[in-house]
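I have placed the structure first, in the form of structure tokens, so that the comments after it can refer back to it.
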Amino acid sequence: MRIAVECKSPLLQKSLEIFLSKHLSSLKNCDIVVRDVKVLDDERSFYISSSAESDLIKPFSKSQLILALERRYKDMNKGNLHYLNKIYQEDELDDVSGLDFDILQKHIEALTKEYQDSILRAVRAFYEK
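Just add 7 to wherever you are in the sequence shown, counting from 1, and you've got our numbering.
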């Protein structure tokens with residue numbers, strides 16, 4: 008899956024480039040173009056915004072973005088299943104695509120919070136001496 012990012016928002020542009028770093032491609036050679044402006048005449052366009060008519064509604068997580076792009080890619084390439092299966096076997100996200108990412112995201116947030124609290128306790132202990 009080759010993806011180009013073309014956004015008016017510099018913050019969204021950079022975030023998407025970081026999230027999709029393994030899939031980035033030039034606009035000319037891409038399969039999907041992720042945009043924050045709706046483009047009707049480009050079938051490769053994947054529209055991200057806060058509106059209900061978008062392909063992905065903001066805010067979103069990296070996993071939600073990848074899953075939505077995989078679904079779009081799969082829909083675009085239904086006729087070429089052999090090629091698609093090869094791509095999905097190579098993609099590391101295929102192994103975890105069946106997981107409930109909301110549960111995973113909450114678990115990661117809890118672990119991050121616990122780690123942050125631990126660091127803060129250590130810093131407070133150091134400065135209270």
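The beta carbon of each residue, even a glycine, is placed where N, CA and C say it ideally should be.
Remember, it's a predicted structure, so these values are computed and weren't measured experimentally.
Query: How big is the Cα-Cα spacing for K139 and L127?; Result: There is no way to answer for residue 139, as the model of the chain reaches only from 8 to 136.
Query: How big is the Cα-Cα spacing for S58 and A129?; Result: 44 Å
Query: L23 and V40 look like a contact to me (Cβ under 8 Å); what is the Cβ gap, rounded to whole Å?; Result: Between V40 and L23 the Cβ distance is about 11 Å, and since that is not below 8 Å, they are no contact.
Query: Once DSSP output is grouped into helix, strand and coil, what is the label at E50?; Result: coil
Query: Going residue by residue through the region 11 to 86, where are the continuous beta strand (DSSP E) segments of at least 3 residues, counting only ones entirely within it?; Result: 39 to 42 and 52 to 56
Query: Is the beta carbon of Y122 sitting closer than 9 Å to the one on M8?; Result: no
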